[in-house]
Amino acid sequence: MLIRLEDFRKRIEFSLCQQFASEEDVKAFVAKAISTRVGVVCVNPVHVALTARLLEGNPMDISGNVGFPFGTHPTAAKALETAFCVQAGATQIDMVMDIGALKSMKDDHVLEDIKEVVKNASGRIVKVIIEAWVLNEKEKVRASRLVEEAGAQMVKTSTGVRTQYLNLVNPDPRGAILEDIALIRTAISDDMKVKASGGIYGLDDAIAFLRTGADQLGVSKGAELIKEFEERFPDGIEI
1435 MLIRLEDFRK RIEFSLCQQF ASEEDVKAFV AKAISTRVGV VCVNPVHVAL
1485 TARLLEGNPM DISGNVGFPF GTHPTAAKAL ETAFCVQAGA TQIDMVMDIG
1535 ALKSMKDDHV LEDIKEVVKN ASGRIVKVII EAWVLNEKEK VRASRLVEEA
1585 GAQMVKTSTG VRTQYLNLVN PDPRGAILED IALIRTAISD DMKVKASGGI
1635 YGLDDAIAFL RTGADQLGVS KGAELIKEFE ERFPDGIEI
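Here the sequence shown stands for residues 1435 to 1673, where the numbers follow our numbering.
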């Protein structure tokens, strides 16, 4: 498949998820997203409305974080947070799975948790973050299949948020890795999508993830990646 510059732009997601981000930070973030014409911007719920106003008339998607970054919010809280994001102007949702419930083999709870978010998303795309870096291979497969069974549209590898807990569980939390993308792809149907988040440090990394099966890329250096793509592959690249 030939990937051209405009398609590459659409696969890039910018995120501003810091808990201390100010309104001025949001404005600068959105201005950068507009200038680089990325496909999606992801923000915390309190910043969805401002982001929507700043992007009025722009086709860029807005994703609101739900249960971020730990996934430990009660299901009812995640449902309310989703509805809040939708009302504020979100066109997509990035929710965090209840990883503790998954590890406790409480699949029914994991399913219900995601289903309530999907329900309150009212037809918008729901991406479910499984924090692959703290899961073993079997857990990654189970998590991915539960995401699809619950009716969400995309499996996302990680929040990209490093904490003391994550460092204890995995001293080398690398975010997305190619092996995880390949494994997730084998666990879900072709109708599902995969988002690689974290661990994408350059254009060669980005292309490798796309070739392995990622549909969307969560990156911190999207502007640099897009500029390099334009310079190196003016006619596009086969993946």
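Note that the Cβ used here is the ideal one computed from N, Cα and C, for glycine as well.
Got a sec? Which residues, its chain only, sit under 7 Å from residue i by beta carbon, not counting five neighbours each side?
{"i": "F1504", "result": "V1530"}
{"i": "I1673", "result": "M1435, I1437, I1641, L1644, R1645"}
Going by alpha carbons, who is nearest to residue i out of the options?
{"i": "E1582", "options": "E1565, V1568, N1570, V1552", "result": "V1552"}
{"i": "K1574", "options": "A1455, S1654, T1506, T1591", "result": "T1591"}
{"i": "S1654", "options": "E1613, I1618, G1594", "result": "G1594"}
{"i": "V1589", "options": "I1496, N1570, K1572, D1614", "result": "D1614"}
{"i": "A1610", "options": "D1624, F1643, S1623", "result": "F1643"}
{"i": "D1547", "options": "G1534, E1440, P1508", "result": "P1508"}
{"i": "F1454", "options": "G1473, T1516, K1661, V1480", "result": "V1480"}
So, helix, strand or coil for residue i, using DSSP?
{"i": "C1451", "result": "coil"}
{"i": "A1630", "result": "strand"}
{"i": "L1436", "result": "strand"}
{"i": "K1461", "result": "helix"}
{"i": "G1677", "result": "Outside the shown range of the chain, which is 1435 to 1673, sits residue 1677, and nothing can be said about it."}
{"i": "K1572", "result": "helix"}
{"i": "S1497", "result": "strand"}
{"i": "I1564", "result": "coil"}
{"i": "Q1521", "result": "helix"}
What residues in its chain sit with their C-beta under 6 Å from that of residue i, if we drop five residues either side in the sequence?
{"i": "A1577", "result": "L1536, I1564"}
{"i": "G1491", "result": "none"}
{"i": "F1502", "result": "V1530"}
{"i": "F1518", "result": "P1479"}
Buried or exposed for residue i, please, with buried defined as at least 16 other CB atoms from any protein chain shown within 10 angstroms of its CB.
{"i": "T1506", "result": "exposed"}
{"i": "K1461", "result": "exposed"}
{"i": "A1510", "result": "exposed"}
Report all residues from its chain with a CB closer than 8 Å to the CB of residue i; omit the five preceding and five following residues, and keep chain order.
{"i": "R1639", "result": "The displayed chain sequence assigns Asp, not Arg, to residue 1639. Here the set comprises G1633."}
{"i": "D1459", "result": "L1450, Q1452"}
{"i": "E1664", "result": "L1439"}
> Is there contact here, the stretch 1624 to 1638 with the stretch 1537 to 1544, by at least three beta-carbon pairs under 8 Å?
Replying inline: The stretch 1624 to 1638, when compared against the stretch 1537 to 1544, does not touch it at the 8 Å Cβ threshold.
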